[in-house]
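For the sequence shown, the numbering used here gives the first residue as 8, with consecutive numbering after it.
Beta carbons are placed, not taken as given, at the ideal position from N, Cα and C, and that holds for glycine.
Computed from a prediction, not measured in an experiment: that's the story for all the values here.
A short write-up of the structure that comes next.
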Amino acid sequence: MDFNRPTHHQLGTYFFQHTSFTNETLASFVSEIFEEFCSQINDLGVHVYQQSLEYLHKPDNLFNSCIALIQWDDTQTLRRLALLHPEHSSWSSCIQQLEDSDIDRAQVAKFKAFIQAGHAGAFGEYIVSASSSSASSQEESNGPLQHLVNSAV
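Here you go:
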């Protein structure tokens with residue numbers, strides 16, 4: 008009998024790292040959710056919106072979303088996810104799980120720095136020119152939801 012079985016975290020990490028279809032599907036799904044939020048944000052009732060945020064920020068859901076987005080180098084959606092509910096208590100455990108996983112350490116370090124800097128900086132921004140970078144930073148100061156609406160172009 009082998010008592011050195013992998014934990015559910017290790018199995019989950021292996022699954023997300025080695026099944027490209029699953030990673031691509033999850034990353035696409037999370038990206039589509041953001042597009043829906045951005046295009047229909049005013050149509051959602053407050054109760055539905057709050058339930059959606061809470062579901063997305065459950066620790067396992069948040070970690071799985073982040074790991075898939077990092078695997079597919081979708082830093083724009085990862086940035087939007089962080090800005091969606093930046094003060095949620097699940098972020099600290101998510102960052103710790105990401106650091107403990109076997110995914111791209113450099114990308115995790117950049118994302119962690121973005122989170123620890125109060126969600127400020129250029130992580131995941133699509134920068135066209137220097138002037139758009141300063142405009143994007145100004146949009147961030149308007150609050151995370153405003154940033155989502157402005158970046159859904």
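Taking C-beta atoms as the reference points, L88 and S72 count as a pair closer than 8 Å. A buried status is given to A75, since no fewer than 16 other beta-carbon atoms sit within 10 Å of its beta-carbon. Judged by DSSP secondary structure, K119 falls within the alpha helix (DSSP H) whose first and last residues are R112 to Q123. In this model, H126 and D111 are separated by some 20 Å (Cα to Cα). Boundaries of the alpha helix (DSSP H) harbouring W98: S97 to D107, taken from the DSSP string. Remark: C-beta atoms of R86 and E39 do not approach each other more closely than 8 Å. W98 has its alpha-carbon roughly 14 Å from the corresponding atom of A116. Per DSSP, D81 is not a residue of any alpha helix (DSSP H), being assigned neither H nor E. Annotation for Y56: the continuous alpha helix (DSSP H) segment containing it runs V53 to L63. Under the three-state reduction of DSSP, E94 is assigned to coil, being neither helix nor strand. Excluding sequence positions up to five before and after G128, its CB lies within less than 6 Å of the CB of F121, all in the same chain and listed in chain order.
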